[in-house]
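**Student:** In this note's numbering, the protein residues as written are 14 to 202.
Provided herewith is a single structure, encoded as structure tokens, for subsequent inquiry.
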């Protein structure tokens with residue numbers, strides 16, 4: 014399979030609008046007009062319920078994992094595998110199916126990284142989940158998972174290109190968060 018096709022498949026898989034579909038099926042509404050208007054698992058959790066949010070998070074992660082597994086199954090080079098994983102996150106963030114307005118890519122990135130740098134992700138998953146349970150906030154939990162990922166990867170003997178990838182992909186997620194951040198309106202008392 015040509016590299017461009019593998020990468021395109023990754024993008025198209027990432028573009029599947031899980032939270033949008035869940036919002037339409039469960040509430041008959043567009044999740045992009047609910048809550049914080051983000052088309053991701055956290056907004057689905059808040060607006061559609063915990064079960065729906067968890068399901069969206071799992072499916073979003075599976076989109077990223079499946080994209081990478083398809084690339085690996087096609088015997089693509091490590092570079093193409095990384096581009097395919099990145100394409101899945103880009104597809105989630107800017108999905109072709111619904112006007113290029115998607116989520117922020119964190120769950121999809123976790124799925125990609127779980128397949129590409131499995132051991133470091135598994136080592137950091139426990140502390141990240143613990144932070145999530147204590148703080149009840151995904152931002153510090155993802156910080157615990159993503160920030161030291163390169164260092165744990167280096168310690169685990171992950172090849173250099175994957176170390177760089179384990180920095181670059183979370184940076185894409187962070188950049189999307191910055192792009193999509195809405196200014197908070199402070200109202201006088």
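In this text, a Cβ means the ideal position worked out from N, Cα and C, and glycines have one as well.
Since this is a predicted model, take the numbers as computed values, not measurements.
1) For residue 177, report the span of its alpha helix (DSSP H) as first-last.
2) Which of the three DSSP states, helix, strand or coil, is assigned to residue 85?
3) Would you give the residue range spanned by the alpha helix (DSSP H) that residue 113 belongs to?
4) Measure the Cβ-Cβ separation of residue 70 and residue 32 and say whether it is below 7 Å.
5) For residue 124, does the count of other Cβ atoms within 10 angstroms reach 16, so buried, or fall short, so exposed?
6) Which two residues bound the contiguous alpha helix (DSSP H) that contains residue 149?
7) So, are the CB atoms of residue 191 and residue 101 less than 7 Å apart?
8) Do residue 179 and residue 130 count as a contact pair if the criterion is CB distance below 7 Å?
9) Would residue 73 and residue 120 be called neighbours here (beta carbons separated by less than 7 Å)?
**Tutor:** Quick answer:
1) Indexing the chain shown from 1 puts residue 177 at position 164. Counting along the chain, the alpha helix (DSSP H) containing residue 177 begins and ends at 173 to 193.
2) Working through the chain shown from its first residue, we reach residue 85 at position 72. Annotated three-state conformation of residue 85 is helix, per DSSP.
3) The residue labelled residue 113 in the question sits at position 100 within the chain shown. Looking at the DSSP string, residue 113 is not in any alpha helix (DSSP H), and its letter there is neither H nor E.
4) Residue 70 sits at position 57 when you count from the first residue of the chain shown. Residue 32 sits at position 19 when you count from the first residue of the chain shown. Contact annotation: residue 70 and residue 32 have beta-carbon atoms that are not nearer than 7 Å.
5) Position 111 of the chain shown, counted from the first residue, corresponds to residue 124. Buried, by the Cβ-count rule.
6) Counting from one through the chain shown, the residue named residue 149 turns up at place 136. That residue, residue 149, is in no alpha helix (DSSP H); it is neither H nor E in DSSP.
7) If you number the chain shown from 1, residue 191 lands on position 178. If you number the chain shown from 1, residue 101 lands on position 88. Going by C-beta atoms, residue 191 is not nearer than 7 Å to residue 101.
8) In the chain shown, the residue the question calls residue 130 occupies position 117. In the chain shown, the residue the question calls residue 179 occupies position 166. When the beta-carbon positions are compared, residue 130 and residue 179 come within less than 7 Å of each other.
9) What you label residue 73 is simply residue 60 of the chain shown in a count that begins at 1. What you label residue 120 is simply residue 107 of the chain shown in a count that begins at 1. Yes.
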